[in-house]
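Scroll down for the structure; my scribbles are underneath it.
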Amino acid sequence: MVRLNYDCLVVLFENFVDEPGGYGLLYNCALLNREWRTIADSFLYADPWKYWLYRSKDYDTARKLIDTYMMCYDAVDTSSHEMEREDEEGRPQTRIRIEGPNNGNNQRLPLYDYIAFAKNLHIPSLYQCISLWYNFYHEDEREENDQSIYHLFLRIFELFVVRARIQECTFAESTEDNKYPVTSDQLDRLINRGHMVDLKYLNFGFFQCDSDGLIGITGKCDKLKTFKISAQKCSDEALENFIRTQRSLTKLKIRNAEKINLTLEALETQSSSLVKLRILSCNLKSCNTPFNGIAACSKLRSIYMRKIIDWPRNVSPSTLLMPLATNCEFHNVDFSNTYLPADVLVEIAKKSSTTLRRVYLIGPESQVDDELYDLSSGINALGSYAKNIHHFERDILPREMNSIIYLLGSIGSTLTRLEIESRFMISYDASIIISTIGDHCPNLEILNIDYFNFTLESFEKLIRGCQSLTSLSICNSKSVNEETLIKIRHLGGENLKFLNIFGCDQVSLDAVENLRDETHIEEVEFNTEVEELYT
Numbered sequence: 001m002v003r004l005n006y007d008c009l010v011v012l013f014e015n016f017v018d019e020p021g022g023y024g025l026l027y028n029c030a031l032l033n034r035e036w037r038t039i040a041d042s043f044l045y046a047d048p049w050k051y052w053l054y055r056s057k058d059y060d061t062a063r064k065l066i067d068t069y070m071m072c073y074d075a076v077d078t079s080s081h082e083m084e085r086e087d088e089e090g091r092p093q094t095r096i097r098i099e100g101p102n103n104g105n106n107q108r109l110p111l112y113d114y115i116a117f118a119k120n121l122h123i124p125s126l127y128q129c130i131s132l133w134y135n136f137y138h139e140d141e142r143e144e145n146d147q148s149i150y151h152l153f154l155r156i157f158e159l160f161v162v163r164a165r166i167q168e169c170t171f172a173e174s175t176e177d178n179k180y181p182v183t184s185d186q187l188d189r190l191i192n193r194g195h196m197v198d199l200k201y202l203n204f205g206f207f208q209c210d211s212d213g214l215i216g217i218t219g220k221c222d223k224l225k226t227f228k229i230s231a232q233k234c235s236d237e238a239l240e241n242f243i244r245t246q247r248s249l250t251k252l253k254i255r256n257a258e259k260i261n262l263t264l265e266a267l268e269t270q271s272s273s274l275v276k277l278r279i280l281s282c283n284l285k286s287c288n289t290p291f292n293g294i295a296a297c298s299k300l301r302s303i304y305m306r307k308i309i310d311w312p313r314n315v316s317p318s319t320l321l322m323p324l325a326t327n328c329e330f331h332n333v334d335f336s337n338t339y340l341p342a343d344v345l346v347e348i349a350k351k352s353s354t355t356l357r358r359v360y361l362i363g364p365e366s367q368v369d370d371e372l373y374d375l376s377s378g379i380n381a382l383g384s385y386a387k388n389i390h391h392f393e394r395d396i397l398p399r400e401m402n403s404i405i406y407l408l409g410s411i412g413s414t415l416t417r418l419e420i421e422s423r424f425m426i427s428y429d430a431s432i433i434i435s436t437i438g439d440h441c442p443n444l445e446i447l448n449i450d451y452f453n454f455t456l457e458s459f460e461k462l463i464r465g466c467q468s469l470t471s472l473s474i475c476n477s478k479s480v481n482e483e484t485l486i487k488i489r490h491l492g493g494e495n496l497k498f499l500n501i502f503g504c505d506q507v508s509l510d511a512v513e514n515l516r517d518e519t520h521i522e523e524v525e526f527n528t529e530v531e532e533l534y535t
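One point on numbering: in full-length UniProt numbering, the residue at position 327 of the sequence shown is 327, and numbering is uninterrupted.
Structure follows, in structure tokens:
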């Protein structure tokens, strides 16, 4: 058998990283011989956090990971110049001693500098793993010693700053969780003291980076491909300058900005590279000119404008949005919980006719069934021009029923996900929509028609026509009864694994149990509590 050379092994192991069972493959390879272990370990420890995050945050995985890093910590020469440290006030820091598995007389030395392998630093995961590690070896302590855990976190964090070639950094969780004590000082230290740090990905999560913090790294962190920021404490001017310094940003996510007009204009500087833009829960009241900066991004393929808080009084949303609708060819558009003018959707459908794949149009909280929020003309345009839509989501209005029927008749065969649940439909007969789905959507895998009322005959047509369904939601419907479940039991495809029937008071527990026993459905979410709106 021919022995694979080093370069071949590197390519082979690199491909293992993205395999579903890649962690196990790399681990097994590391056990074969020294050469294979060297290569496999370099990939395992390049992004060790995913084995913690994607394995349900397993305690044993966390302990073993920090055991390894503690060996590296203990092996560092305290007199080394690169490990000279100062605290926030410039005073020399002393080394702390933490009791762990390697503090005895039989201290083990690491085979490699595992920290130097790291290319991804996921700071929340590092803190969580250290906390679990500390509590495991100090289970006799009555209360969790937050201060000792934090000190240890800072020391290990410092090792990553000075020894690792970090290319990706997640600074805080992407959920509103403030229990991880990250500060702007650590951000400054990572960017300005990490001589080998070369960030391509920076995710602040819900860390509220202020203007001073962002100014401190502007110009020194200019090779980002992906940047995500929660900007409520950051000025428009500081964020604008940071964007302008970037060489070729491809993905940008801005959350909670109070003022953003200068930043959006600055996106023109990324016109040759930006492909994905997400603007979430931002206030656009200061935007008084059309979004030409966004429209200049000719490679922009995904636009997400969710939960926009406010629009300017003297310029219409249509005027602001129209340039990007007529200039960008989108794959994905998401205006969930945001007001979208119908004429903008019409132009998106025309310009992105061959490229559009995913469309999300959930209306804002203020939406009512009137002409202002009516997207009928836009939905009709999607049916006429955009022939490759795979996902469509809209809390449809009764006045949009005819346009939805036209859309399904035109592009139904390409749809794999359809979510049109709507409280506005609770008093209307939607049987014709249900029948149309059965007639024209054979490839649907996910369907949500909560609050819809329909005849049993139309539902039978749906079940017969949509044999690829894996998930079906028919909650809060007056039409769902035990006869409906019988149709699912006898006519439903073997692919159906998930069924949601919350708020259906005409269904008994016995009927649900029979459905579970006699079908391949793995999970049935069921109760008879009807929503107050429904009553």
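Don't be surprised by glycine CBs; every beta carbon is placed ideally from N, CA and C.
Chain-order list of residues whose beta-carbon lies under 8 Å from that of residue i (same chain, five-residue window excluded)
i      : result
SER79  : Low per-residue confidence applies at SER79: pLDDT is 37, beneath 50, and the placement is therefore not dependable enough to give any value.
LEU267 : ILE243, LEU252, LEU274, LEU277, GLY293, ILE294, ALA296 and CYS297
LEU515 : LEU485, ILE488, ARG489, LEU499, ILE521 and VAL524
GLY90  : Only weak support exists for where GLY90 lies, its pLDDT of 45 falling under 50; the value from the coordinates is given anyway. So the list is empty, once near-sequence residues are dropped.
TYR150 : PRO181
ASP310 : ASN283, LEU284 and LYS285
Nonlocal neighbours in the same chain, by C-beta distance under 6 Å from residue i, ignoring five residues either side
i           : result
residue 542 : No answer is possible for residue 542: the residues shown for the chain start at 1 and end at 535.
GLU168      : ASN120 and TYR201
PRO341      : PRO317 and SER318
ASN203      : THR170 and LYS228
GLN270      : LEU249
ASN314      : none
TYR134      : ILE149
MET305      : ILE279, PHE335 and THR338
SER403      : SER376, ILE379 and ASN380
Counted within 10 angstroms of its Cβ, other Cβ atoms place residue i as buried (16 or more) or exposed
i      : result
ARG394 : buried
SER248 : exposed
ASN444 : The sequence shown places Leu at residue 444, rather than the Asn named in the question. It is buried - the Cβ of LEU444 has at least 16 other Cβ atoms within 10 Å.
MET196 : exposed
HIS520 : exposed
ASP236 : buried
ASN105 : Note on ASN105: pLDDT 49, under 50, position unreliable in the model; the coordinate value appears next. Exposed, because fewer than 16 other Cβ atoms sit within 10 Å of the Cβ of ASN105.
SER413 : exposed
LYS223 : exposed
GLY219 : exposed
ARG97  : Note that ARG97 scores a pLDDT of 47, beneath 50, so its modelled location is shaky; the value from the coordinates is reported in the next line. ARG97 should be labelled exposed.
THR436 : buried
LYS57  : exposed
THR183 : exposed
ASN388 : exposed
ASN495 : exposed
GLU460 : buried
SER272 : exposed
ALA238 : buried
GLU141 : exposed
LEU190 : buried
ALA511 : buried
Contacting residues, own chain, Cβ-Cβ under 7 Å from residue i (five flanking each side not counted)
i      : result
PRO398 : ASP369, PHE424, MET425 and TYR428
ILE115 : TYR69, CYS72, LEU159, PHE160, ARG163 and ALA164
TYR451 : GLU421, SER422, ARG423, MET425, ILE426, ASN476 and SER477
SER431 : PHE454, THR455 and SER458
GLU518 : ARG489
ILE156 : TYR69, TYR73, LEU126 and ILE130
TYR406 : ASN380 and GLY383
Whole-angstrom C-beta distance between residue j and residue i, which should lie under 8 Å
i      : j      : result
ASN337 : LYS307 : 5 Å
ASP41  : TYR112 : 6 Å
ARG417 : ILE446 : 4 Å
ASN256 : SER230 : 5 Å
VAL333 : GLY378 : Incorrect: roughly 11 Å between the Cβ atoms, too far for contact.
LEU375 : LEU356 : The pair is not a contact, with the Cβ atoms about 15 Å apart (cut-off 8 Å).
GLY493 : LEU469 : 6 Å
CB contact below 9 Å: residue i versus chain D
i      : result
SER422 : Among the chains of the structure shown, chain D does not appear; only one protein chain is present.
Can you list, in chain order, the stretches of the beta strand (DSSP E) that have 3 or more residues and sit fully within the segment 456-490?
-> Taken in chain order, the complete beta strand (DSSP E) segments of 3 residues or longer contained in the segment 456-490 are 471-473.
Does the segment 471-486 come close enough to the segment 495-506 to have 3 or more Cβ pairs within less than 8 Å?
-> Between the segment 471-486 and the segment 495-506 there are three or more inter-stretch CB-CB distances shorter than 8 Å, so the stretches are counted as touching.
Contact between the segment 323-330 and the segment 349-368: three or more CB pairs below 8 Å?
-> Contact holds: three or more Cβ-Cβ distances are below 8 Å.
Of all the alpha helix (DSSP H) runs that stay within the bounds of the segment 392-454, which reach a length of 4 or more residues?
-> Segments of the alpha helix (DSSP H) lying fully in the segment 392-454: 401-411 and 431-440.
Of all the alpha helix (DSSP H) runs that stay within the bounds of the segment 243-277, which reach a length of 4 or more residues?
-> You should have 261-266.
Pick out the complete beta strand (DSSP E) segments inside the segment 134-189, 3 residues or longer, and give them in chain order.
-> Counting whole runs of 3 or more residues, the segment 134-189 contains the beta strand (DSSP E) stretches 168-170.
Just list the alpha helix (DSSP H) runs in the segment 282-314, keeping only unbroken ones of 4 residues or longer that don't cross its boundaries, in chain order.
-> The qualifying runs are 292-295.
Which whole runs of the alpha helix (DSSP H) in the segment 487-513 are 4 residues long or more, in chain order?
-> The qualifying runs do not exist here; there are none.
Alpha helix (DSSP H) runs wholly inside the segment 319-407, at least 4 long, in chain order = Runs of the alpha helix (DSSP H) spanning 4 or more residues and lying entirely within the segment 319-407 occur at 342-351 and 376-385, in chain order.
Return the chain-ordered ranges of every beta strand (DSSP E) run that is complete within the segment 109-135 and spans a minimum of 3 residues.
-> Listed in chain order, they are 120-122.
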